[in-house]
Amino acid sequence: MSPGLRQVAVLGATGSIGGSTLDVIARHPDRFRATVLTAHSNVAALAELCTRFRPELAVIADPALEAELARRLAAAGVRCDIASGHDAITQAVSGTLCDTVVAAIVGAAGLDSTLAAARTGKRLLLANKESIVMAGALLLEALAAGGGELIPVDSEHNAIFQCLPGGRPNLAASGVRRLILTASGGPFRGRTRADLAGVTPEQACKHPNWVMGRKISVDSATLMNKGLEVIEAHHLFGAAPDLIDVLVHPQSLVHSLVEYVDGSVLAQLGNPDMRTAIAHALAWPTRIDAGVAPLDLAACAPLAFQQPDLDTFRCLALAFQALRAGGDATAILNAANEIAVDAFLAGGLPFLGIADLVESVLTELPPQAVVDVQTLNERDRMAREAARRILRNAC
Ligand code: NAD
Ligand code: MG
């Protein structure tokens with residue numbers, strides 16, 4: 029392995045962020061090598077990626093599919109180690125096969141591997157926002173203990189990272205007045221509650237500007253995604269909830285802004301393509317080509333900004349409420365939301381029911397102090413159980 033070559037573990041390689049990451053890696057074989065690839069259950073897609081990228085290790089989360097993965101890789105003439113199960117992903121992250129980890133598993137399932145990357149001092153490219161929403165303080169502790177660095181991949185946080193001096197400084201000492209997260213508003217921007225009563229998963233997943241996995245697409249439609257991002261910004265940048273604002277910006281060209289006390293507002297702009305944030309995070313502090321078309325501002329429609337409608341999109345208000353409540357409230361919010369989104373995608377919950385279910389679970393489980401990962405996982409389990417029970421009783 030040549031010196032200076034980053035060895036990258038791509039967790040969630042078969043997903044939307046995973047695919048964009050591998051696209052950037054493929055453009056720079058002199059700088060990056062995908063040494064570990066993981067997926068949940070799409071064994072065909074994982075085998076294909078292994079054929080193309082020739083990692084040292086492929087991990088499939090579902091143990092029942094390990095033999096099938098081995099069969100496919102043998103048939104394709106790919107020689108790499110194969111492992112399966114949740115813990116195998118965490119072990120792969122902790123070992124010597126990678127110095128960089130792209131955390132792009134969706135949901136709380138990514139928590140253990142995100143924490144392992146932080147604990148072992150790897151460069152952590154964080155896309156899996158649910159893990160920081162669940163366990164923000166624990167993740168920051170693990171990062172400090174491991175001595176590695178976290179570069180945000182979520183486009184808003186990557187934008188803020190780029191607009192702050194030195195990445196993650198003390199905000200007050202740096203003259204920062206506010207962080208402003210932009211939101212596209214999702215596919216239902218401008219709709220009323222009455223309009224939203226009967227919307228379908230297909231409508232909710234049709235994002236106007238970004239192509240993403242189904243869970244984050246629904247989160248974007250409810251604005252829970254922005255709520256999770258407010259919590260993420262709080263932890264990543266040490267910003268109090270009152271210092272974080274959300275502005276709806278339908279074009280998704282301004283990815284977020286930082287306002288300073290002298291009146292300056294710095295923004296990061298670019299076409300809505302996650303490869304920009306991923307390339308920035310992979311190469312930081314240098315810059316590399318991401319394969320993204322240059323932004324032609326003159327050709328763009330006028331840029332618009334407006335306040336979010338918190339009465340219609342209640343999930344954003346609930347996320348602020350959970351953040352202010354403190355303790356493990358944001359983990360409860362996240363768990364309830366994951367169950368609600370699954371139920372909506374399966375046709376078992378109306379769109380507006382997502383916020384109702386999250387609110388009911390938050391009411392049923394008042395916040396407790398975060399002690400350690402074990403208790404947090406137990407609270408996550410309790411919140412999922414409460415959400416499933418409320419769903420069953422509603423039927
Ligand atoms: P996706 O659904 O397209 O992909 C998810 C990946 O995670 C897949 O590779 C899947 O195999 C894997 N996975 C799912 N469940 C798993 C489990 N239990 N164990 C192990 N692996 C599992 O999702 P995505 O859109 O790529 O999003 C991934 C993460 O990045 C999410 O947390 C999302 O919020 C965040 N994110 C995505 C975007 C985007 O543009 N897609 C932007 C910002 C942040
Ligand atoms: Mg985002």
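For the sequence shown, the numbering used here assigns the number 29 to the initial residue and increments by one for each residue that follows.
Ideal placement from N, C-alpha and C gives every residue a C-beta, glycine not left out.
State the DSSP-derived secondary structure class of residue i, mapped to helix, strand or coil.
{"i": "A305", "result": "helix"}
{"i": "Q396", "result": "coil"}
{"i": "A383", "result": "helix"}
{"i": "P278", "result": "coil"}
{"i": "P269", "result": "helix"}
{"i": "R352", "result": "helix"}
{"i": "E260", "result": "helix"}
{"i": "L292", "result": "The displayed chain sequence assigns Ser, not Leu, to residue 292. Of the three classes helix, strand and coil, the one that applies to S292 here is coil, per DSSP."}
{"i": "Q335", "result": "coil"}
{"i": "P468", "result": "Nothing about residue 468 can be read from this structure; the chain reaches only from 29 to 423."}
{"i": "F81", "result": "helix"}
{"i": "I367", "result": "helix"}
{"i": "H68", "result": "coil"}
{"i": "S284", "result": "strand"}
{"i": "P91", "result": "helix"}
{"i": "V161", "result": "helix"}
{"i": "V204", "result": "strand"}
{"i": "A311", "result": "helix"}
{"i": "R420", "result": "helix"}
{"i": "A429", "result": "Missing from the structure shown is residue 429; the chain here goes from 29 to 423 and no further."}
{"i": "V121", "result": "helix"}
{"i": "V106", "result": "coil"}
{"i": "A374", "result": "coil"}
{"i": "A145", "result": "helix"}
{"i": "A131", "result": "strand"}
{"i": "R99", "result": "helix"}
{"i": "A86", "result": "strand"}
{"i": "L251", "result": "coil"}
{"i": "T391", "result": "helix"}
{"i": "A327", "result": "helix"}
{"i": "I316", "result": "coil"}
{"i": "A62", "result": "strand"}
{"i": "S212", "result": "coil"}
{"i": "A111", "result": "strand"}
My understanding is that residue i touches residue j, with C-beta atoms under 8 Å, so please give their C-beta distance in whole angstroms.
{"i": "A144", "j": "V398", "result": "At roughly 18 Å, the Cβ-Cβ gap does not stay under 8 Å, so A144 and V398 are not in contact."}
{"i": "F341", "j": "L275", "result": "At roughly 14 Å, the Cβ-Cβ gap does not stay under 8 Å, so F341 and L275 are not in contact."}
{"i": "A132", "j": "A155", "result": "4 Å"}
{"i": "P229", "j": "L85", "result": "The pair is not a contact, with the Cβ atoms about 34 Å apart (cut-off 8 Å)."}
{"i": "I360", "j": "L393", "result": "5 Å"}
{"i": "L139", "j": "A163", "result": "6 Å"}
{"i": "D408", "j": "A136", "result": "6 Å"}
{"i": "P215", "j": "A232", "result": "7 Å"}
{"i": "L97", "j": "L65", "result": "L97 to L65, Cβ: 11 Å. No contact."}
{"i": "A249", "j": "P378", "result": "That pair is no contact at about 13 Å."}
{"i": "L77", "j": "A309", "result": "With a Cβ gap of about 20 Å, L77 and A309 do not count as contacting."}
{"i": "C191", "j": "Q335", "result": "The pair is not a contact, with the Cβ atoms about 21 Å apart (cut-off 8 Å)."}
{"i": "I383", "j": "C423", "result": "Position check: residue 383 holds Ala in this sequence, whereas Ile was assumed. At roughly 18 Å, the Cβ-Cβ gap does not stay under 8 Å, so A383 and C423 are not in contact."}
Give every residue of the same chain whose Cβ lies closer than 6 Å to the Cβ of residue i, excluding the five residues on either side of it in the sequence, and list them in chain order.
{"i": "S202", "result": "P193"}
{"i": "F60", "result": "R34, V36, I53"}
{"i": "V293", "result": "L285, E287"}
{"i": "A116", "result": "V87"}
{"i": "A345", "result": "L338"}
{"i": "N237", "result": "S212, S280, P300"}
Near residue i, what residues of its chain come up, given a Cβ to Cβ distance below 8 Å and the 5 sequence neighbours on each side ignored?
{"i": "F348", "result": "G255, V258, P269"}
{"i": "R412", "result": "A363, A364, E366, I367"}
{"i": "G298", "result": "L281, H283, T304, V320, L323"}
{"i": "L331", "result": "H277, Q279, L281, V282"}
{"i": "T63", "result": "Q35, V36, A37, P83, E84, L85, L125, C126"}
For residue i, which residues from the same chain have a beta carbon less than 7 Å from its beta carbon, with the 5 sequence-adjacent residues on both sides left out?
{"i": "R221", "result": "T340, L380"}
{"i": "S141", "result": "L39, I117, T118, V121, A131, I133"}
{"i": "S388", "result": "I418"}
{"i": "R55", "result": "D317, G319"}
{"i": "A173", "result": "R147"}
{"i": "E260", "result": "K157, I160, V161, D182, H185"}
{"i": "A414", "result": "V389, E392, L393"}
{"i": "A329", "result": "Q279"}
message = With a threshold of 8 Å, are at least 3 pairs of Cβ atoms found where one atom belongs to the region 357-368 and the other to the region 122-130?
response = no
query = the ligand MG: which residues have Cβ under 7 Å from any of its heavy atoms, chain order?
reply = D182, S183, E184, N253, E257
query = Counting Cβ pairs closer than 8 Å, one from the region 351-367 and one from the region 308-328, do we hit at least three?
reply = no
ask   = With contact counted as at least three CB pairs below 8 Å, one residue from each stretch, are the region 276-287 and the region 175-186 in contact?
value = yes
query = Can at least three beta-carbon pairs, one atom from the region 290-308 and one from the region 35-50, be found at a separation below 8 Å?
reply = yes
query = Is the region 197-216 touching the region 160-174, taking contact as three or more C-beta pairs under 8 Å?
reply = no
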